[in-house]
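S.K.:
Numbering (this note's numbering), first residue to last: 900 to 1287.
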């Protein structure tokens, strides 16, 4: 055999190996023969079993392609800008809102396809429903397209819900095996009235529709739920909100009330929504999420760039909560490559085992989206997308 012989065994080594089954291991290796996986395991054991294998460094990680479990593809032509949250919205999101389009979403989907992403959880902007029409037929996209729902006036909830339901039912008939599924995303507990939130989440639970909700992203949410004021309420666009926050949530803000507790007591967590961000939470919040069986998605770069805080990953892991990763929008995350969030998370959580982060990016993401990761195991075809 010569090095040019395609049947010469190759031993690919890495710092972290995750095969899609069980837990990840470190260090790890994969033996590939003629384009097929022959063995996986610790490099020392593989060297002993395949002494003639050509050894090469595959990269930091060998694993199935990571899943971008939360993003906004219709913002893919925005310019990335790192600013504090209450400057980022008026200076970045609002001035460029005309860029939120089907064309931008197609550009984002093309980018994900080029990255070889394992799947996507995309939020489809409520006022750009043509994004769903553009993405749903794509054969190179898998995961969930969550149609966003907004509406703070309880008296308008029934009307909004009727429109949402009509659109969802029209889109669901277009779903294909292996293609994107349709889901729902009541935006946040403070941008969706209590009545609309219940209508949407009860409907999703009854129909088996996946849910994502942005929750506890910024520290200012504390002031909103405990006293009905603070920066979020002060910076609201008044015509789109009732006179008081109490009208939005259908109860009086009170000491120790949090967005998570509010959703739990409203009955929303029984629908097992995936909760996005979950940066500014209490131990009681984490316990409620664990009891409900909800998963969470962390967006490390976005939270850092918007000065939102650091996701308490170790506490969620200790509670047994499934964690996945997402990039959020290009405007706040910087790119659609969730591998960059994996690397950033390792820097942000130096005490967390890197194997936990890699597993979350693959298995956690697939569990959130209801999809399945390919396995790296004996007899399966090798794919260079497994080299991170």
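Just so it is clear, CB atoms sit at the ideal spot from N, CA and C, and this is done for glycine as well.
Measure the C-alpha to C-alpha separation of residue 987 and residue 1075 and round it to an integer number of angstroms.
M.R.: Approximately 37 Å between the Cα atoms of the pair.
S.K.: Is the distance from the Cβ of residue 926 to the Cβ of residue 942 below 8 Å?
M.R.: Result yes, Cβ atoms of residue 926 and residue 942 sit closer than 8 Å.
S.K.: According to DSSP, what are the bridge partners of residue 1083?
M.R.: DSSP, once it has assigned bridges, lists 1046 and 1110 as partnering residue 1083.
S.K.: Please look up how many angstroms separate the CB atoms of residue 1084 and residue 1054, rounded, as I've assumed it's under 8 Å.
M.R.: About 22 Å; that fails the 8 Å criterion.
S.K.: If you run the structure through DSSP and keep just helix, strand and coil, what is residue 869?
M.R.: The structure shown has nothing for residue 869, since the chain only spans 900 to 1287.
S.K.: Should residue 917 and residue 1258 be called a contact, given that it needs their Cβ atoms to be closer than 8 Å?
M.R.: Yes. Within cutoff.
S.K.: In three-state DSSP terms, what is residue 924?
M.R.: Reduced to three states, the DSSP call for residue 924 is strand.
S.K.: Return helix, strand or coil for residue 1099, following the three-state DSSP convention.
M.R.: Helix, per DSSP.
S.K.: Mapping the DSSP letters down to three states, classify residue 1153 as helix, strand or coil.
M.R.: Three-state DSSP puts residue 1153 in coil, outside helix and strand.
S.K.: State the CB to CB distance for the pair residue 968 and residue 1287, rounded to an integer number of angstroms; the pair is presumed to be in contact (CB under 8 Å).
M.R.: Contact flag wrong, Cβ pair sits at about 17 Å.
S.K.: According to DSSP, residue 1280 sits in a beta bridge with which residue or residues?
M.R.: Residue 1280 pairs with 935.
S.K.: Are the beta-carbon atoms of residue 984 and residue 1206 separated by less than 8 Å?
M.R.: Yes, Cβ-Cβ distance for residue 984 and residue 1206 is below 8 Å.
S.K.: Quick one, are the C-beta atoms of residue 1235 and residue 1241 less than 8 Å apart?
M.R.: No, the pair does not count as a contact, with Cβ atoms beyond the cut-off.
S.K.: Taking the alpha-carbon of residue 1090 as reference, which of 959, 1183, 1123 and 1197 has the nearest alpha-carbon?
M.R.: Selected option, being the one with the closest Cα: 1123.
S.K.: Taking the straight line between their C-alpha atoms, what separation do you get for residue 1009 and residue 1237?
M.R.: Looking at the two C-alpha atoms, the distance is approximately 15 Å.
S.K.: What residue range is occupied by the uninterrupted alpha helix (DSSP H) comprising residue 1194?
M.R.: That residue, residue 1194, is in no alpha helix (DSSP H); it is neither H nor E in DSSP.
S.K.: Quick one: give me the first and last residue of the beta strand (DSSP E) that residue 1133 is part of.
M.R.: It is not in any beta strand (DSSP E) - residue 1133 instead sits in the alpha helix (DSSP H) that spans 1130-1133.
S.K.: Do residue 1155 and residue 1198 count as a contact pair if the criterion is CB distance below 8 Å?
M.R.: Not a contact, by the Cβ cut-off of 8 Å.
S.K.: Among the residues of its own chain, which have a CB less than 7 Å from the CB of residue 1000, if the five just before and after it don't count?
M.R.: Hits under 7 Å: 973 and 1027.
S.K.: Does DSSP put residue 1021 in a helix, in a strand, or in coil?
M.R.: Strand.
S.K.: Roughly how many angstroms separate the alpha carbons of residue 1148 and residue 1167, rounded to a whole number?
M.R.: So the two alpha carbons sit approximately 13 Å from each other.
S.K.: DSSP has residue 967 in a bridge; who is on the other side?
M.R.: Paired residues: 1019.
S.K.: State the Cα-Cα distance for the pair residue 1181 and residue 953, rounded to the nearest angstrom.
M.R.: Approximately 51 Å, taken between the alpha carbons.
S.K.: Just curious, the beta strand (DSSP E) that residue 909 is in, first and last residue?
M.R.: Here the beta strand (DSSP E) through residue 909 covers 909-916.
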